[in-house]
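> Take a look at this one; I'll ask things after.
In the numbering used here, the protein residues as written are 116 to 270.
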């Protein structure tokens, strides 16, 4: 079963309600990329009249994590996923509608294959770029994901 935009947004409502309440929504997902949108509103603002950094982080992480979840689901293997590190750069005040896009879907394939083949955990970095409605880069987030097989390999 493939993850769809509708299924991911339902997942947000039930499993990540703070992101859903702040307006974070998956817009598109393919095998290689995912875009997540969020609009600056009262519920997600900071005292400087722009979007709070943590809301941007939720949207950015979802754009990477949705791809990881999708690839794991497609493999039909028992693999856990977790963010180990993240880093971010803020270039401009986030106001209006911000779209975070990750195009690192191919990065995941190699890590999942190696996890399945060796049974060893893998780490890899994924990037999500947030742009406003004028196409200007607002922020860039990088997340280091870890994968670990939940099934033991006999040696």
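Even for Gly, the Cβ is constructed at its ideal location relative to N, Cα and C. As the structure is a prediction and not an experimental result, all values here were calculated from the model.
Classify residue 264 as buried or exposed, calling it buried when 16 or more other Cβ atoms lie within 10 Å of its own Cβ.
Its Cβ being crowded by 16 or more others within 10 Å, residue 264 is buried.
> Mind checking who residue 139 pairs with in its DSSP beta bridge?
In the DSSP output, where bridge partners are listed per residue, residue 139 has none listed.
> Output needed for residue 194: all residues of its chain with C-beta closer than 8 Å, excluding positions within five of it in sequence on either side, in chain order.
Within the same chain, residue 194 has close Cβ partners 187, 227, 230, 231, 262, 263, 264, 265.
> First and last residue of the beta strand (DSSP E) that includes residue 213?
Looking at the DSSP string, the run of the beta strand (DSSP E) that includes residue 213 is 212–217.
> Among 177, 216, 258, which has the Cα closest to the Cα of residue 123?
Of 177, 216, 258, the residue nearest in Cα terms is 177.
> Output the boundary residues of the beta strand (DSSP E) element that contains residue 208.
Careful: residue 208 lies outside any beta strand (DSSP E) and carries neither H nor E.
> Using C-beta distances below 6 Å, list every residue in its chain close to residue 270, excluding the 5 sequence neighbours before and after it, in chain order.
Bear in mind that the predicted position of residue 270 carries a pLDDT of just 47, short of 50, making it too unreliable to give a figure here.
> What ranges does the alpha helix (DSSP H) occupy inside the region 211–256, keeping only unbroken runs of at least 4 residues that lie completely in it?
Complete alpha helix (DSSP H) runs here, min 4: 220–233.
> Pair every Cβ in the region 124–139 with every Cβ in the region 193–208, then say whether three or more of these pairs are closer than 8 Å.
With the cut-off at 8 Å, the region 124–139 and the region 193–208 do not touch.
> I'd like the span of the beta strand (DSSP E) that includes residue 154, first residue to last.
Start and end: 149–154.
> Quick check on residue 118: buried or exposed, where buried means 16 or more other Cβ atoms within 10 Å of its Cβ?
Classification for residue 118: buried.
> What's the C-alpha gap between residue 120 and residue 172?
Rounded to whole angstroms, residue 120 to residue 172 spans 19 Å at the Cα level.
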